[in-house]
Amino acid sequence: MHGNRKRLLPFVLLALAVSAAFYFFLQTSATSSELTISGTIEATEVSLGSIQGGRVDQVQVNEGDTVNADQILAVVNPGGASRGGSGREMIHSPLAGVVLYRHMEPGEIASAGAPLLTVTDPNNLKLTVYVPEDRYGQIRLGQVLSVTVDSFPNESFAGTVSHIADQAEFTPRNVQTTDNRKTTVFAVRLNLPPSDGKLKPGMPADVHFALAQ
0 MHGNRKRLLP FVLLALAVSA AFYFFLQTSA TSSELTISGT IEATEVSLGS IQGGRVDQVQ
60 VNEGDTVNAD QILAVVNPGG ASRGGSGREM IHSPLAGVVL YRHMEPGEIA SAGAPLLTVT
120 DPNNLKLTVY VPEDRYGQIR LGQVLSVTVD SFPNESFAGT VSHIADQAEF TPRNVQTTDN
180 RKTTVFAVRL NLPPSDGKLK PGMPADVHFA LAQ
């Protein structure tokens with residue numbers, strides 16, 4: 000009886016080894032086409048300044064205020080113009096959004112082109128990630144990819160590929176991927192849809208690529 004067990008033992012070990020190898024192959028096949036890359040969400044930001052420069056007469060908004068497109072945000076009085084004269088320069092917002100920074104106060108002197116205010120569009124969010132060179136050919140414009148953030152772990156947001164760099168570059172030091180780190184990468188930018196304020200500029204996000212072999 001013991002002799003039979005000894006003769007069967009090598010076959011049992013071999014079967015276990017084959018099963019383990021098959022399981023590892025299945026796991027590798029299931030994950031080799033998946034790639035997760037991290038990036039930081041960005042918003043469109045516009046710095047507004049005076050064309051002529053002069054004394055800042057008015058700044059009509061504060062940081063965090065919501066503004067409309069073409070709304071007057073500040074008034075600059077060029078040198079030599081009277082305070083109520085028609086020569087004053089009106090600073091308009093080119094977009095609907097939120098005042099991110101208020102750089103100057105009434106009474107200060109603004110140089111031509113110096114930023115007075117920075118306005119951002121919180122609904123026009125973008126995300127740039129760097130894709131390893133060996134995956135570059137499997138990404139296309141208009142492709143919709145899953146985007147997740149730590150703040151909402153059970154939700155997925157749809158990101159649409161809007162730009163694929165046509166030249167490779169060295170991997171930025173602050174980029175981390177779940178795949179092996181590559182020497183050269185291609186920048187890929189995604190447009191993110193409005194998210195009812197859940198996605199915000201500066202928030203880390205993960206892009207999940209399900210790529211064909």
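According to numbering that gives the first Met the number 0, the stretch in the sequence shown is residues 0 to 212, in order.
Quick reminder that beta carbons are idealized off the backbone N, C-alpha and C, glycines included.
Please classify residue 129: is it buried, with 16 or more other beta-carbons within 10 angstroms of its beta-carbon, or exposed? Sequence index remark: in the sequence shown, residue 129 carries index 130 (1-based). Buried.
How many Å lie between residue 56 and residue 78 at the Cα? Within the sequence shown, numbered from 1, the residue matching residue 56 stands at position 57. Within the sequence shown, numbered from 1, the residue matching residue 78 stands at position 79. In a straight line, the C-alpha of residue 56 is about 12 Å away from that of residue 78.
Since residue 124 sits in a beta bridge, which residues does DSSP pair it with? Taking the sequence shown and counting its residues from 1, the one referred to as residue 124 is at position 125. Paired residue(s): 42 and 191.
Residues that residue 101 bridges to, as DSSP identifies them: Within the sequence shown, residue 101 is the residue found at index 102, counting from 1. Its beta-bridge partners are 116.
I want to know whether the stretch 138 to 148 touches the stretch 51 to 66 - three or more CB-CB distances under 8 Å. no
Going by DSSP, name the residue or residues bridged to residue 165. As a working note, residue 165 is residue 166 in the sequence shown. Bridge partners of residue 165: none, in fact.
Using a threshold of 9 Å, state whether the C-beta atoms of residue 126 and residue 189 are closer than that. Taking the sequence shown and counting its residues from 1, the one referred to as residue 126 is at position 127. Taking the sequence shown and counting its residues from 1, the one referred to as residue 189 is at position 190. In contact: residue 126 and residue 189 (Cβ atoms closer than 9 Å).
Here's the rule: buried if 16 or more other CB atoms are within 10 angstroms of the residue's CB, otherwise exposed. What is residue 131? Within the sequence shown, residue 131 is the residue found at index 132, counting from 1. It is buried - the Cβ of residue 131 has at least 16 other Cβ atoms within 10 Å.
Can you tell me where the beta strand (DSSP E) with residue 54 in it begins and where it stops? Walking along the sequence shown from the start, residue 54 turns up at place 55. Here the beta strand (DSSP E) through residue 54 covers 53 to 58.
Check whether the Cβ atoms of residue 116 and residue 135 sit closer than 9 Å, and answer yes or no. Taking the sequence shown and counting its residues from 1, one reaches residue 116 at position 117. Taking the sequence shown and counting its residues from 1, one reaches residue 135 at position 136. For residue 116 and residue 135, no; Cβs fall outside 9 Å.
Flag this pair as touching only if the stretch 141 to 156 and the stretch 84 to 99 have three or more C-beta atom pairs under 8 Å; answer yes or no. no
Name the residue from 42, 162 and 36 whose alpha carbon lies nearest to the alpha carbon of residue 123. Your numbering for residue 123 matches position 124 in the sequence shown. The candidate whose alpha carbon is nearest that of residue 123 is 42.
Please classify residue 204 as buried or exposed, where buried requires at least 16 neighbouring CB atoms within 10 angstroms. Translated into positions along the sequence shown, residue 204 becomes position 205. Its Cβ being crowded by 16 or more others within 10 Å, residue 204 is buried.
Can you give the Cα-Cα distance for residue 158 and residue 87, rounded to whole angstroms? Sequence index remark: in the sequence shown, residue 158 carries index 159 (1-based). Sequence index remark: in the sequence shown, residue 87 carries index 88 (1-based). Their Cα atoms are separated by approximately 43 Å.
Does the beta-carbon of residue 76 have 16 or more other beta-carbons within 10 angstroms, so that it is buried, or is it exposed? Taking the sequence shown and counting its residues from 1, one reaches residue 76 at position 77. Its Cβ being crowded by 16 or more others within 10 Å, residue 76 is buried.
What would DSSP say about residue 86, mapped onto helix, strand or coil? On the sequence shown, residue 86 is found 87 positions in, with the first residue counted as 1. Coil, per DSSP.
Alpha carbon to alpha carbon, how far is residue 121 from residue 97? Give it in angstroms, no decimals. For the purposes of this step, residue 97 is identified with residue 98 of the sequence shown, where counting begins at 1. For the purposes of this step, residue 121 is identified with residue 122 of the sequence shown, where counting begins at 1. Rounded to whole angstroms, residue 97 to residue 121 spans 7 Å at the Cα level.
Would you kindly report the start and end of the unbroken beta strand (DSSP E) that includes residue 145? Here residue 145 corresponds to residue number 146 of the sequence shown, with the count starting at 1. First-last of the beta strand (DSSP E) with residue 145: 143 to 147.
State yes or no: is the C-beta of residue 207 nearer than 8 Å to some heavy atom of the ligand MG? This structure lacks the ligand MG, and indeed carries no ligand of any kind.
Cβ shell of residue 104 (< 8 Å), same chain only, five flanking positions each side left out: By one-based count along the sequence shown, residue 104 stands at place 105. Within the same chain, residue 104 has close Cβ partners 55 and 58.
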